[in-house]
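Data first, discussion second: the structure below is written as structure tokens.
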Amino acid sequence: MGFDLSIMLWQLLWIAGPVALIVYGWRKLGIRKKRR
């Protein structure tokens, strides 16, 4: 029963992890470009 939930959480982590890092870095670059 809880096995499917753990798989879902792992898939979310696999997707959200890299995306969060990209968005975080992109925001830092975006802030620099916007204040130019």
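Count along the sequence shown starting at 1, add 709, and that's the number in this note's numbering. Beta carbons: idealized from backbone N, C-alpha and C, even for Gly.
Taking C-beta separations shorter than 6 Å and ignoring five residues to either side along the sequence, W735 has no partners in its chain. Within the model, the alpha-carbon separation for L718 versus R741 is close to 34 Å. Going by C-alpha positions, I724 is about 11 Å away from I731.
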